[in-house]
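In what follows, a structure is listed as structure tokens, so that the remarks can point back to it.
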Amino acid sequence: MRLKRGSSGSGLHRHINSNRGRCCGINVPVVVLLFFCVFAPLLFFVGRGIHSTADAAGNEASTTGQMANWREQMAVQHLKSLLSKELIESMTANAHDMGPWSLDSLRKNPFSSSWKVVGVEMSNKNNFTSDETVLDVKKETPPMKKDIIFTTADHHSLFVDTPATRTRRQLREKRREKRAAQLAQQDDETTVKLENAAIERSKAVDSAVLGKYNIWRRDNENENSDSTVRLMRDQIIMARVYSSLAMTKKKLDLYNELLARLKESQRTLGDATTDADLQHSAPERIKSMGQVLTKAKAELYDCNLVTRRLRAMLQSADEQVRSLKKQSTFLSQLAAKTMPNGIHCLSMRLTIDYYLLPPEKRKFPRIENLENPNLYHYALFSDNVLAASVVVNSAVVNAKEPEKHVFHLVTDKLNFGAMNMWFLLNPPGKATIHVENVDEFKWLNSSYCPVLRQMDSAAMKEYYFKADHPTTLSAGSSNLKYRNPKYLSMLNHLRFYLPQVYPKLDKILFLDDDIVVQKDLTGLWSVDLRGKVNGAVETCGQSFHRFDKYLNFSNPNIAKNFDPNACGWAYGMNMFDLNEWKKKDITGIYHKWQNMNEDRVLWKLGTLPPGLITFYGLTHPLEKSWHVLGLGYNPSIDRAEIENAAVVHYNGNMKPWLEIAMTKYRGYWTKYINLSHPYLRNCHLSE
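What follows is the structure, given as structure tokens:
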């Protein structure tokens, strides 16, 4: 037992002593052995790998450098063959000016506006390697020239800066400066021209025409300036619908409430067309109407019933619009037919004073000029004293040689004294004037003139004078303008008898009494009519004012003799060659067709349709500036066109002496009237 214990104790002692030779429980020899067996080979292989990588990088860099040098050498060899001498000189000069070439230098200092860098979008300001990019610099040249490609290598030795190069560079700089100065001057001149043009356009703007449409008016600040008005109108419509439904369903309380709100809204709305015209109570009326409509909708709404009611209201409104349009047409025609009280007063006063004159004072001077074919003769047929005075006065004022102008006036027996008295009191300067009475032309009778014979027929009298026209405002309203009494007057048809009225004249200028002369008209006598009888301004534009608008081409007599697309022309200012008239028997042609139209089957009444037929193929077109039409119906005629016209014509219903005339055109007519004349003041025509 002791031996075992002893042996055990000595073994423990040795174990403790052996542990003292270890470091932190690790045997030192073992650590050294592990270092030489494992870590040393590892360090060797890592070091060898790093060295191999460095050698490979060096070899690759040297290879890349050799490739770049090879490309540079190839570019140098072919550079002279690719570039012209002038281009090399330009590149040399710019290289000396801007320093060594690089991508940044090309971007910052392009050597010409016609060069650009292609294929490179971004550049690094500090780092460039030979294998990063090859710059393509291309000159923008015509298609027959090839693109030029070169590298960014610095080969300044190729470009030698010579005195000639410097001189050319200086010349180029001077040319650039001169060109820049010229462009700046051209810009200034263009600006001045545009400003002057704008000033002229602003002078030509008619502020009277613009009126309420001026962009600076408050009415136009809000694009929906009538939104409240439209809302109130919509409420009124729905109130009418629901009131009808309420009456049908015997809901009298709701019906009475709707009627009360309806009357209030109608009084508030009145004739307002914009929100600014509404009364201050409009918002309250809209609110109260909205409440009662909401109540009515809850009690009465039925989609089918509302739809039927709205459809019935629409049809009724459409019928009312048609009736009002016909009534408007009738009233405008009636206004065009009537003579204003002032002009009627003027005619009566002048007539009384004329017949109070002794016979020796009723004659005009220079009657020897009436048949002189070497003078400028005018034919004017009118029963309107004031209108005739404007025609004569405007022609004389604008004539260069008024003493050579002769005016032949023809009127009816009712206005004969007034017409004579006016021109005796207001003679047309040095011009010659003569007044005749159409009723004294004894040769103009029903046996010779078809129109006079047709006017005596019962059918014509019934057409014009039947007292109870049942269709005046319905079916026949479209033909109301043809029922104008002027078509019954021989003054209107006398234009087809000019050679009979003036047998000793060669040419005569026919004028309507609703025109104004603005320029000297003597140039019309020198116009070569080329064997035609009538010189007139054509009025056709696209499909307007062509023969099919005036003649009945469903009639075979019209269809086989005339072209429906033939261009129409205008009466009002016409130059007639009376010698050619006689040769071609124009009056006989007129009589033939007028006899064929006794039942008005070829055309309606008037003088233009028979004129188109009579002078078909015998009319010479004049320049449009001689005669501008439409001032009696067209509100959109160009002001410059009017002012450049030799004659302006108020054809249409809105004659300048009527209250319905367009104010914007009236000034061209009134400028030739002396409103301070005592006769005009006494008849209140100056107001």
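Take the sequence shown: its position 380, counting from 1, is numbered 416 in this note's numbering, and each next residue is one higher. Just so you know, even glycine gets a beta-carbon here, dropped at the ideal spot from N, CA and C. Here the structure is a predicted model, which means the values were calculated and not measured.
Local conformation of residue i per DSSP, three classes
i	result
M611	strand
E574	strand
L290	helix
F546	strand
L565	coil
P657	strand
K488	Correcting the residue type first, residue 488 is Leu in the shown sequence and not Lys. Note: L488 maps to helix in three-state DSSP.
I625	helix
N473	strand
V664	strand
C603	strand
V684	strand
I709	coil
Y715	helix
R398	coil
R675	helix
R582	strand
Y278	helix
T309	coil
W693	coil
N340	helix
R636	coil
M698	coil
N232	helix
N456	helix
L641	coil
W479	coil
Span separating the alpha-carbon of residue i from that of residue j
i	j	result
T309	L295	23 Å
P535	Q351	57 Å
E437	N410	13 Å
K660	A415	21 Å
S364	T699	19 Å
L665	L480	31 Å
E300	R321	7 Å
S590	W605	22 Å
N256	D311	Model confidence at N256 stands at a pLDDT of 42, short of 50, so the residue's coordinates are unreliable; what they give is reported in the following sentence. Rounded to whole angstroms, N256 to D311 spans 12 Å at the Cα level.
Y708	A682	15 Å
E695	G378	11 Å
V20	N680	As shown, the chain starts at 37 and ends at 723. That puts residue 20 outside it, with no answer to give.
P506	L346	Annotation note: pLDDT 46 at P506 (below 50); position unreliable, no value reported.
D313	P319	13 Å
L360	G624	44 Å
H581	N451	34 Å
N687	A697	11 Å
K362	L290	38 Å
L305	Q315	8 Å
D475	T387	17 Å
P395	A454	15 Å
V563	R266	59 Å
M325	A334	14 Å
P401	H413	16 Å
V432	T706	15 Å
Delimiting residues of the alpha helix (DSSP H) encompassing residue i
i	result
G465	Unbroken run through G465: none, as it is neither H nor E.
H529	M526 to H529
H380	N377 to Y391
K323	A318 to L336
L648	L644 to T650
Span of the beta strand (DSSP E) around residue i
i	result
Y414	Y412 to F417
I551	I551 to V553
T447	H441 to T447
Under 8 Å between C-beta atoms of residue i and residue j
i	j	result
L638	N570	no
P645	Y586	yes
A435	D556	yes
V654	K618	The sequence shown places Leu at residue 654, not Val. Not a contact, by the Cβ cut-off of 8 Å.
V446	L367	no
R385	N710	no
Y626	T650	yes
L648	V573	no
Residue i Cβ short of 7 Å to the ligand MG heavy atom set
i	result
Q630	The ligand MG is not part of this structure, which contains no ligands at all.
Inset, instruction - Could you tell me whether the stretch 609-627 touches the stretch 529-549, using the rule of 3 or more Cβ pairs below 8 Å? - result: yes
Legend entry - Stretch-stretch touch, CB-based, cutoff 8 Å, three pairs: the stretch 424-440 with the stretch 456-467: yes
Inset, instruction - Pair every Cβ in the stretch 274-284 with every Cβ in the stretch 325-343, then say whether three or more of these pairs are closer than 8 Å. - result: yes
Legend entry - Touch test, the stretch 432-447 against the stretch 462-475, Cβ-Cβ under 8 Å, three pairs minimum: yes
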